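Asks: Per the numbering used here, residue 6 is the first one in the sequence shown, and the count goes up by one each step. Think of the CB as a built atom: it goes at the ideal place given N, C-alpha and C, for glycine as much as any other residue. In this text the structure is predicted, and so the values were computed from the model without any measurement.
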Amino acid sequence: MGFLSKLFSGSKSAGKGDVVVPIGTAGSGPPGTSKYLQLKQEANGFLDQGKLEEAAQVYRAAVAENPALSEAHLNLAYVLGELKNNAEAKLHFAQALAFDNDNFDAHYLSALLAIDEDDTEQAILFSINALRVKPSSSEATATLYKVLALRGEFGKIEERIESLSNVNENPAKVQVDIACTFATMACQGALRETLNQMALKHFEAAIELDDSYIHTFTNQGLLLMVMGQHDAAIDNFRRAIFVNPSFAEAYYYLAIVCQTTHRMEAALENIIKAISINPDHADSYTILADINWRLGKFEESVFAYKISIEKSPASVDAYMRLSGLLAELGLHDEALDTVHKAVKIRGDSPEVYYALGNIYLANSQYRDAIKVYQRALQLRPAYPEVNANLGAAFLGAGDTQKAREIYFAITKLDSRNKGALGNIVYCSSFDPACTSDSYLNHARAYGAVLTELAKPYTSWPRAEIAGRCLKVGLVSGDFIFHPVGFFIESVLAFLDPDKIEIHAFSNRTKGDQLQTSLKSRVCSWNLIAGLSDELAAKLIYEKQLDLLIDLTGHTNHNRLPLFAWRPAPVQATWLGYWASTGVAEIDYIIADRQAVPPEHQSQFTEKVWYLPDTRLCFTPLSAVYDLLVSPLPATRLGYVTFGCYQPIRKLTEQIFALWGRIYQQLPQARFRLQGADFNKPEISAELLTRLARVGIPAHRVMLRDSTMRFEYLHSHAEVDILLDSFPYPGGTTTCDALWMGVPTVTLAGNTMLSRQGLSLLRCAGLPDWVAETEDEYVAIAVNKASDLPRLRQFRASLRQQVFDSPLFDAPRFARNMEAALLAMVLDKLGSLPS
Numbered sequence: 006m007g008f009l010s011k012l013f014s015g016s017k018s019a020g021k022g023d024v025v026v027p028i029g030t031a032g033s034g035p036p037g038t039s040k041y042l043q044l045k046q047e048a049n050g051f052l053d054q055g056k057l058e059e060a061a062q063v064y065r066a067a068v069a070e071n072p073a074l075s076e077a078h079l080n081l082a083y084v085l086g087e088l089k090n091n092a093e094a095k096l097h098f099a100q101a102l103a104f105d106n107d108n109f110d111a112h113y114l115s116a117l118l119a120i121d122e123d124d125t126e127q128a129i130l131f132s133i134n135a136l137r138v139k140p141s142s143s144e145a146t147a148t149l150y151k152v153l154a155l156r157g158e159f160g161k162i163e164e165r166i167e168s169l170s171n172v173n174e175n176p177a178k179v180q181v182d183i184a185c186t187f188a189t190m191a192c193q194g195a196l197r198e199t200l201n202q203m204a205l206k207h208f209e210a211a212i213e214l215d216d217s218y219i220h221t222f223t224n225q226g227l228l229l230m231v232m233g234q235h236d237a238a239i240d241n242f243r244r245a246i247f248v249n250p251s252f253a254e255a256y257y258y259l260a261i262v263c264q265t266t267h268r269m270e271a272a273l274e275n276i277i278k279a280i281s282i283n284p285d286h287a288d289s290y291t292i293l294a295d296i297n298w299r300l301g302k303f304e305e306s307v308f309a310y311k312i313s314i315e316k317s318p319a320s321v322d323a324y325m326r327l328s329g330l331l332a333e334l335g336l337h338d339e340a341l342d343t344v345h346k347a348v349k350i351r352g353d354s355p356e357v358y359y360a361l362g363n364i365y366l367a368n369s370q371y372r373d374a375i376k377v378y379q380r381a382l383q384l385r386p387a388y389p390e391v392n393a394n395l396g397a398a399f400l401g402a403g404d405t406q407k408a409r410e411i412y413f414a415i416t417k418l419d420s421r422n423k424g425a426l427g428n429i430v431y432c433s434s435f436d437p438a439c440t441s442d443s444y445l446n447h448a449r450a451y452g453a454v455l456t457e458l459a460k461p462y463t464s465w466p467r468a469e470i471a472g473r474c475l476k477v478g479l480v481s482g483d484f485i486f487h488p489v490g491f492f493i494e495s496v497l498a499f500l501d502p503d504k505i506e507i508h509a510f511s512n513r514t515k516g517d518q519l520q521t522s523l524k525s526r527v528c529s530w531n532l533i534a535g536l537s538d539e540l541a542a543k544l545i546y547e548k549q550l551d552l553l554i555d556l557t558g559h560t561n562h563n564r565l566p567l568f569a570w571r572p573a574p575v576q577a578t579w580l581g582y583w584a585s586t587g588v589a590e591i592d593y594i595i596a597d598r599q600a601v602p603p604e605h606q607s608q609f610t611e612k613v614w615y616l617p618d619t620r621l622c623f624t625p626l627s628a629v630y631d632l633l634v635s636p637l638p639a640t641r642l643g644y645v646t647f648g649c650y651q652p653i654r655k656l657t658e659q660i661f662a663l664w665g666r667i668y669q670q671l672p673q674a675r676f677r678l679q680g681a682d683f684n685k686p687e688i689s690a691e692l693l694t695r696l697a698r699v700g701i702p703a704h705r706v707m708l709r710d711s712t713m714r715f716e717y718l719h720s721h722a723e724v725d726i727l728l729d730s731f732p733y734p735g736g737t738t739t740c741d742a743l744w745m746g747v748p749t750v751t752l753a754g755n756t757m758l759s760r761q762g763l764s765l766l767r768c769a770g771l772p773d774w775v776a777e778t779e780d781e782y783v784a785i786a787v788n789k790a791s792d793l794p795r796l797r798q799f800r801a802s803l804r805q806q807v808f809d810s811p812l813f814d815a816p817r818f819a820r821n822m823e824a825a826l827l828a829m830v831l832d833k834l835g836s837l838p839s
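Here it is as structure tokens:
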């Protein structure tokens with residue numbers, strides 16, 4: 006019976022959309038002539054289609070047909086109000102009331118119109134009259150209270166609630182009712198701080214009157230929870246439990262606030278207690294499932310969601326949450342089946358379509374996601390979360406420009422939207438039209454917002470460094486089968502535990518075999534997924550680290566905002582991104598001189614810290630599968646097969662144009678492209694059409710869908726030479742190909758990202774495969790493909806060559822990294838940390 010329950014069940018700030026018109030109010034006059042009814046029906050049709058001008062014109066005709074009918078004037082007045090023709094709308098509302106002074110809708114809509122015109126006196130009068138006609142109207146009551154609050158007449162609200170109370174009612178309950186009214190109004194936005202304080206005042210008055218009235222504590226706890234005063238909220242729920250140890254609702258809310266503050270074991274204990282008292286409360290099982298999800302107990306979480314659904318089959322919330330968990334676990338078919346059940350129950354819910362779109366997005370079904378998100382926006386045009394993910398779907402589908410437009414539109418409505426600002430930075434990092442200066446401006450704008458929103462730590466108590474190793478934290482959402490996981494695995498294996506103590510902070514609950522391996526190589530494993538930036542920063546701060554490193558940058562599952570809280574005295578970024586983060590509180594970016602020549606240091610807000618050989622060290626996972634380098638396929642087929650494993654968003658028209666030039670000189674060549682959904686008819690048709698434009702016929706193209714890692718590595722047996730994308734080249738794909746004996750032709754640019762291929766190939770001893778111009782890119786591909794004996798010999802020796810290079814030398818890289826980590830701490834702090 007908390008005020009939040011009232012709010013979430015449908016109570017809201019009244020607006021013109023709250024009254025459904027056209028209407029046929031009882032007592033609004035005679036039904037009218039058949040001509041009038043025909044006109045009304047026609048106008049209603051226009052109104053349903055959103056054609057307000059046409060509706061107004063026909064409603065005018067209806068008024069002319071029956072000028073003494075209150076309903077006719079009311080319908081016309083409503084549409085005029087929607088058209089912002091307030092003066093004429095007021096005249097017809099007055100006419101409607103002249104013919105029927107008990108017309109509730111006319112009084113109520115007149116009150117809303119008066120609020121629009123800041124005429125609070127009239128708004129109060131109309132609201133009171135609406136309540137005279139319908140005393141139980143929550144909409145009219147909310148409107149009256151809103152106007153009184155805007156006028157600062159809080160006493161009148163209190164008096165009205167008291168006057169409506171039963172004379173025998175518990176005085177504490179009356180105070181709680183007043184407090185809940187103010188709290189509900191505060192949740193709706195206007196005068197939030199003032200109304201919250203008014204609510205707290207009445208909760209305290211209720212406690213003074215009766216300190217055993219249990220609902221005082223639960224409702225005050227809810228308000229404090231909304232206000233972010235979590236410890237005080239916990240105290241209130243515990244006081245409610247002290248009054249009544251069998252009060253399930255108090256345990257339920259206590260579990261929620263404990264979950265919010267990452268007190269997961271306490272959350273689990275309290276929700277189990279709530280269920281033991283009231284085993285039929287479906288939402289308790291949903292919260293139990295949420296907690297188990299956060300704890301990594303996925304089977305228990307799935308089971309709890311299913312019980313919640315069983316207890317309340319018509320509630321879509323559990324379906325949507327379950328579908329999200331199933332998608333994270335990689336069970337996409339089951340996730341889709343689950344969320345489709347929610348669609349059947351609530352096909353008019355934008356939240357349901359948002360959940361469905363998220364499943365498609367998680368499975369890289371970008372075009373399906375776009376359609377579903379657009380449906381959600383039809384149902385609720387102002388839905389920032391949907392717009393953000395719609396941008397991600399367009400980005401995945403290769404329409405970077407559309408994604409950028411969406412993100413910029415979000416920032417126009419909310420200039421401090423961290424997600425949209427970060428996505429603008431991400432898109433700009435590989436936009437050929439975006440200059441280095443422009444990129445840095447976007448990155449700095451993002452970083453400035455993070456700084457503004459954070460409350461950074463300014464001192465870091467840590468033990469003396471003498472006699473202990475350096476404490477380093479790694480933050481990432483990619484400690485799984487992911488390029489970051491592949492690159493970091495062997496590095497962690499060779500770091501000296503007597504020198505470096507690693508603490509991992511994972512922003513993804515999902516685990517896999519690689520994550521299990523990584524967990525075994527760190528001193529502590531900490532899950533920060535679901536934690537606020539403040540709580541995650543606090544958790545990291547309490548580890549008393551010397552250095553904290555971001556491994557994600559602006560890519561998915563990043564936690565850059567927590568770095569603005571500066572939970573460690575020295576902070577750096579490395580590995581998972583390829584440009585400046587723009588976060589002022591990140592001191593260093595770890596790079597190599599091939600990717601970032603000294604003259605390019607001005608492209609970063611961070612200080613560039615150079616590793617001697619390479620910023621990357623690759624783990625050859627194919628060794629696990631005992632895959633051998635295959636013979637050169639061109640020897641058997643008689644023609645060269647060029648391959649590319651890049652997603653569609655990286656494949657620009659500029660790239661295809663160069664491939665067309667290569668094909669002109671090697672008309673027997675074939676092109677093998679592999680990526681997510683490349684076998685889907687609409688995507689394959691798009692790719693073949695684009696290639697045909699540059700002269701490459703469909704019969705010379707092989708399109709393959711993405712596969713599991715073993716099949717992907719094995720597919721290199723069908724490829725002679727990889728053609729890199731630009732300005733967003735491959736990283737993992739280039740290293741995988743080198744290990745499988747397939748060299749890559751890459752085109753170097755003037756940014757860290759566009760020079761990634763250059764850095765990898767030079768480190769592996771393949772400088773002659775790096776082009777500095779587009780003409781060189783074409784020439785290298787043609788020349789290398791034209792000398793099959795040499796290419797065949799090179800393929801046979803390539804694995805050993807790269808294995809002996811710094812790119813695959815994990816012990817060497819680990820020693821270099823150890824030295825760099827200590828040197829950064831010394832550089833920042835000026836001496837050994839103490």
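Which of helix, strand or coil does DSSP assign to residue 593?
Replies: strand
Asks: Using the Cα positions of residue 99 and residue 105, report the straight-line distance between them to the nearest angstrom.
Replies: 10 Å
Asks: Return yes when the Cβ of residue 693 is within less than 8 Å of the Cβ of residue 681, no when it is not.
Replies: no
Asks: Name the two residues that bound the continuous beta strand (DSSP E) containing residue 481.
Replies: 475-481
Asks: My assumption, with CB atoms under 8 Å, is that residue 101 sits in contact with residue 79. Please give the rounded CB distance.
Replies: The pair is a contact, with the Cβ atoms about 4 Å apart (cut-off 8 Å).
Asks: Just verifying my parser: in three-state terms, what is the DSSP assignment at residue 710?
Replies: strand
Asks: Within 10 Å of its beta-carbon, does residue 212 have 16 or more other beta-carbons around it, so buried, or fewer, so exposed?
Replies: buried
Asks: To the nearest angstrom, how far is it from the Cα of residue 33 to the Cα of residue 152?
Replies: The predicted model places residue 33 with a pLDDT of 43, which falls under 50 and marks its position as unreliable, so this point remains unresolved.
Asks: Counting pairs of beta carbons, one from the segment 501-510 and one from the segment 309-325, are three or more of them closer than 8 Å?
Replies: no
Asks: Which residues does DSSP list as the beta-bridge partners of residue 529?
Replies: Answer by DSSP bridge pairing, in chain order: 508.
Asks: How would you label residue 521, buried or exposed, when you count the other beta carbons within 10 angstroms and need 16 or more for buried?
Replies: It is exposed - the Cβ of residue 521 has fewer than 16 other Cβ atoms within 10 Å.
Asks: With a cut-off of 8 Å, do at least 3 Cβ pairs link the segment 545-553 to the segment 432-450?
Replies: no
Asks: Going by C-alpha to C-alpha distance, which of 350, 557, 671 and 476 sits closest to residue 785?
Replies: 671
Asks: For my contact list, residue 776 and residue 807 are in at a C-beta cut-off of 8 Å; report their separation, rounded to the angstrom.
Replies: That belief does not hold up - the Cβ atoms of residue 776 and residue 807 are roughly 20 Å apart, past 8 Å.
Asks: May I ask you to report which of helix, strand or coil DSSP gives residue 631?
Replies: coil
Asks: Under 8 Å: do the segment 737-748 and the segment 707-724 share three or more Cβ pairs, one atom per stretch?
Replies: Yes, the segment 737-748 is in contact with the segment 707-724.
Asks: Mind checking whether residue 782 and residue 752 have CB atoms under 8 Å apart?
Replies: yes
Asks: Could you give the distance in angstroms between the alpha-carbon of residue 835 and the alpha-carbon of residue 676?
Replies: 55 Å
Asks: What is the DSSP secondary structure of residue 614, reduced to helix, strand or coil?
Replies: strand
Asks: Can you grab the Cα-Cα spacing for the pair residue 825 / residue 616, in whole Å?
Replies: 7 Å
Asks: Run through the segment 405-482 for me and flag every whole beta strand (DSSP E) of 3 or more residues, listed as ranges in chain order.
Replies: 475-481
Asks: In three-state DSSP terms, what is residue 747?
Replies: coil
Asks: Closest to residue 712 by CA distance: which of 244, 642, 705 and 368 is it?
Replies: 368
Asks: Apart from the five residues just before and just after residue 673, which ones in its own chain have a Cβ nearer than 6 Å to its Cβ?
Replies: 644
Asks: Cutting at 7 Å between CB atoms, please list the residues of its own chain near residue 266, excluding the five before and the five after it.
Replies: 235 and 540
Asks: Taking 8 Å as the cut-off, decide whether the C-beta atoms of residue 241 and residue 225 are in contact.
Replies: yes
Asks: Please report how far the alpha carbon of residue 148 lies from the alpha carbon of residue 291, in whole angstroms.
Replies: 34 Å
Asks: Could you check whether residue 294 and residue 320 sit closer than 8 Å to each other, using their CB atoms as the reference points?
Replies: Result no, Cβ atoms of residue 320 and residue 294 do not sit closer than 8 Å.
Asks: Look at the alpha carbon of residue 73 and the alpha carbon of residue 107, and state the distance between them as a whole number of angstroms.
Replies: 15 Å
Asks: DSSP beta-bridge partners for residue 776?
Replies: 752
Asks: Using the three-state DSSP reduction, which class does residue 370 fall into: helix, strand or coil?
Replies: coil
Asks: Whose C-alpha, out of 735, 592, 669 and 269, is nearest the C-alpha of residue 705?
Replies: 669
Asks: Under the rule that 16 or more other beta-carbon atoms within 10 Å means buried, what is residue 690, buried or exposed?
Replies: exposed
Asks: Starting from residue 701 and walking both ways along the beta strand (DSSP E), at which residues does that stretch end?
Replies: Segment: none, residue 701 is in no beta strand (DSSP E) and carries neither H nor E.
Asks: Answer yes if the segment 729-746 comes into contact with the segment 762-777, meaning at least three C-beta pairs across the two stretches below 8 Å, and no otherwise.
Replies: yes
Asks: Three or more C-beta pairs under 8 Å: does that hold for the segment 600-616 against the segment 491-501?
Replies: no
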